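Trainee:
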Amino acid sequence: MTLKPLFLVCLLNFLIAAAMGLAMRFVYIYPLDLNYRFLTHAHSHTAMLGWVYLMLFTLITHHFVPNPKSVFTKLFWVTEFAVLGMLISFPFQGYAAVSITFSTLHIFCSYYFVRLIFKHAQIENNLTRTLLKTALVFMLVSTIGVWCLGPAVGILGQASAFYQIAIQFFLHFQFNGWFLIGLLALLFNRFQIKENVNTKRFYILLVISTISTLALPVSWYAPHPILNIINSIGVLCQLGALYYFFKLVKPKFATLTYQNSKLLKYLYTFSLGSFVFKIILQSSSFIPAVALMAKQQHNFVIGFIHLTMLGVVSGFLFAFLIHTKIAYQPKYFTWGVYSFILGFLGTEGILFLQGVLFTFEIGLMPKYYLLLFILSTFLVFGILLIIMSILHTNTNYNDRQKTIKTT
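Going by my numbering, the first residue of the sequence shown is number 1435, and it counts up by one from there.
1) Considering T1647, what are the terminal residues of the alpha helix (DSSP H) in which it resides?
2) In whole angstroms, what is the alpha-carbon distance linking K1801 and L1456?
3) Tell me the DSSP secondary structure of M1435 in three-state form.
4) What is the rounded straight-line gap between the Cα of A1531 and the Cα of Q1731?
5) Quick one: residues in its chain with C-beta nearer than 7 angstroms to the C-beta of Q1672, no 5 flanking neighbours on either side, listed in chain order?
6) Suppose contacts are defined by Cβ-Cβ distances below 8 angstroms. Is G1616 in contact with A1569 by that definition?
7) If we count Cβ pairs, one from each stretch, closer than 8 angstroms, do we get three or more for the stretch 1514 to 1521 versus the stretch 1540 to 1554?
8) So, at 7 angstroms on beta carbons, what are the nonlocal neighbours of R1563 in its own chain, with the 5 sequence-adjacent residues on each side left out?
9) Once the 5 residues before and after F1524 are set aside, which same chain residues still bring their CB inside 7 angstroms of it?
10) Whose CA, out of V1505, I1645, F1609 and L1650, lies closest to the CA of S1748?
11) Would you tell me roughly how many angstroms separate the C-alpha atoms of F1698 and F1572, rounded to the nearest one?
12) On the DSSP letters alone, give me the boundaries of the alpha helix (DSSP H) that L1493 sits inside.
13) Mind reading off the beta-carbon distance from G1737 to G1789? Whole number of angstroms is fine, and I expect it under 8 angstroms.
14) Check for me: the alpha helix (DSSP H) holding H1606 runs from which residue to which?
15) Quick one: give me the first and last residue of the alpha helix (DSSP H) that I1817 is part of.
16) What did DSSP end up calling S1695 once you bin it into helix, strand or coil?
17) What ranges does the alpha helix (DSSP H) occupy inside the stretch 1697 to 1750, keeping only unbroken runs of at least 4 residues that lie completely in it?
18) Considering E1514, what are the terminal residues of the alpha helix (DSSP H) in which it resides?
19) Considering Cα atoms alone, identify which of H1497, L1661, L1805 and A1723 is closest to L1620.
20) What first and last residue would you give for the alpha helix (DSSP H) that runs through H1554?
21) Assign I1557 to one of three DSSP states: helix, strand, or coil.
22) Are the CB atoms of M1743 and T1793 nearer to each other than 8 angstroms?
23) In or out: N1830 buried (at least 16 other Cβ within 10 Å) or exposed?
Here it is in structure tokens:
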């Protein structure tokens, strides 16, 4: 399983998703003849399933499956075919026969991937193995939301609470279950964190919080006092999990990062900082006024999604790219990461600030859409530079991978 072409495909998917996001920003400056909602579907599916899913697919297979069989590579390309199908069909028809067919193909590919990992993965560390299996189970659970969409539309329509809850169910367990816990499995494996009393407490609190905090988005469409109580329990467990997370990671963080490049240290600091900020924002939903504000202000929702996808998830994935030694043009990669972080911080700042202004009924800030567009170009440019850093590599990757496997 040669890493270079697989990583390039993932990054190209990310670049396309970012370019579509840039086009969506441009529409507010200069109207284009395109269906904004359809383009949003293409943007989100390509980012989630073409970038994050396939990167986790590649990294998990590389780190946890000794000498992976050709079936993994074949499955990767079939999954990418499904992503391309969604990328081409969503902008023209939204959720319709063709796009739903490719989405269904992707789901079945993910089911087969779970089966292959459960069968072939060899992980000595019990904590890492438990986290990985938990992430995969949450990924399977998340697809229940997708299977509910058809009946929801047919019985009650797209405006129904059932339909909206099904979407939130899928997104919640994808982001907070599959993506984040899958990344934690890779991170704990890299940091070589062994199982102990603190890891058991961390794991229990993490799982409880992941399940319980689903109550918040559900409460937006089916309000009930019990959901607020469940979300509050989830928030408290989440804060407890964060406490134990730092107890586990802090001793390893200094040793590992200082032994490697400064860029790796900055990336981990950026990713962990985004992770903490995400939990703080999520925990603030404990306050009813904040929970209501999050529901009412679209800027906060988009900002939070981008915080998770670009700050936490993509930040860690870039760090793992450095660990695999896939990018041998450090200048391109470094400039790309810094450009990406600049674009991320700028767009997040604008989104959250505008959300605050809307909350206090101040109105739209001057040049808001132009600022968002300009800052978003740094995201696209950063990803492009990272791709260039890999394209300029002429090293024999099979030899490199053998070296990495033994370290």
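Backbone N, C-alpha and C fix where the C-beta goes; we use that ideal spot for every residue, glycine too. Note that the coordinates shown come from a computational prediction; the quantities given were computed from them, not determined experimentally.
Mentor: Put simply:
1) Taking the first residue of the sequence shown as 1, we reach residue 1647 at position 213. First-last for T1647: undefined, no H or E at that position.
2) Start at 1 with the first residue of the sequence shown, and residue 1801 comes out as number 367. Start at 1 with the first residue of the sequence shown, and residue 1456 comes out as number 22. Cα to Cα, K1801 sits roughly 16 angstroms from L1456.
3) Residue numbering aside, residue 1435 sits at position 1 when the sequence shown is read from its first letter. Three-state DSSP puts M1435 in coil, outside helix and strand.
4) In the sequence shown, the residue the question calls residue 1531 occupies position 97. In the sequence shown, the residue the question calls residue 1731 occupies position 297. Straight-line Cα distance between these residues: approximately 32 angstroms.
5) The residue you call residue 1672 lines up with position 238 of the sequence shown. Answer for Q1672: S1643, T1647, I1713, Q1716 and S1717, listed in chain order.
6) The count along the sequence shown starts at 1 and reaches residue 1616 at position 182. The count along the sequence shown starts at 1 and reaches residue 1569 at position 135. Going by C-beta atoms, G1616 is nearer than 8 angstroms to A1569.
7) yes
8) Position 129 of the sequence shown, counted from the first residue, corresponds to residue 1563. Taken in chain order, the residues that qualify are I1557.
9) By 1-based counting over the sequence shown, the position of residue 1524 is 90. Once the five neighbours on either side are set aside, the close Cβ partners of F1524 are F1472, H1475, A1476, H1479 and S1533.
10) Here the question's residue 1748 lines up with position 314 in the sequence shown. Nearest option by C-alpha distance: F1609.
11) To locate residue 1698, count along the sequence shown from 1; it is residue 264. To locate residue 1572, count along the sequence shown from 1; it is residue 138. Note that residue 1698 corresponds to Leu in the displayed sequence, not to Phe. Those two C-alpha atoms are separated by around 29 angstroms.
12) What you label residue 1493 is simply residue 59 of the sequence shown in a count that begins at 1. Element bounds for L1493: L1488 to F1498.
13) Here residue 1737 is taken as the residue at index 303 of the sequence shown, counted from 1. Here residue 1789 is taken as the residue at index 355 of the sequence shown, counted from 1. That belief holds up - the Cβ atoms of G1737 and G1789 are roughly 7 angstroms apart, short of 8 angstroms.
14) Looking up residue 1606 in the sequence shown gives position 172. Segment A1595 to H1606, the alpha helix (DSSP H) holding H1606.
15) Translated into positions along the sequence shown, residue 1817 becomes position 383. Here the alpha helix (DSSP H) through I1817 covers Y1802 to L1825.
16) Within the sequence shown, numbered from 1, the residue matching residue 1695 stands at position 261. It is coil, neither helix nor strand.
17) 1722 to 1730 and 1732 to 1740
18) Position 80 of the sequence shown, counted from the first residue, corresponds to residue 1514. Residues S1504 to Q1527.
19) Indexing the sequence shown from 1 puts residue 1620 at position 186. Checked all of H1497, L1661, L1805 and A1723; the closest Cα to L1620 is H1497.
20) Your numbering for residue 1554 matches position 120 in the sequence shown. H1554 -> alpha helix (DSSP H) spans A1531 to H1554.
21) Numbered from 1 along the sequence shown, position 123 holds the residue referred to as residue 1557. In this structure, I1557 counts as coil in the three-state DSSP scheme.
22) Residue numbering aside, residue 1743 sits at position 309 when the sequence shown is read from its first letter. Residue numbering aside, residue 1793 sits at position 359 when the sequence shown is read from its first letter. No, the pair does not count as a contact, with Cβ atoms beyond the cut-off.
23) Counting from 1 along the sequence shown, the entry for residue 1830 is found at position 396. Only weak support exists for where N1830 lies, its pLDDT of 42 falling under 50; the value from the coordinates is given anyway. Flag for N1830 reads exposed.
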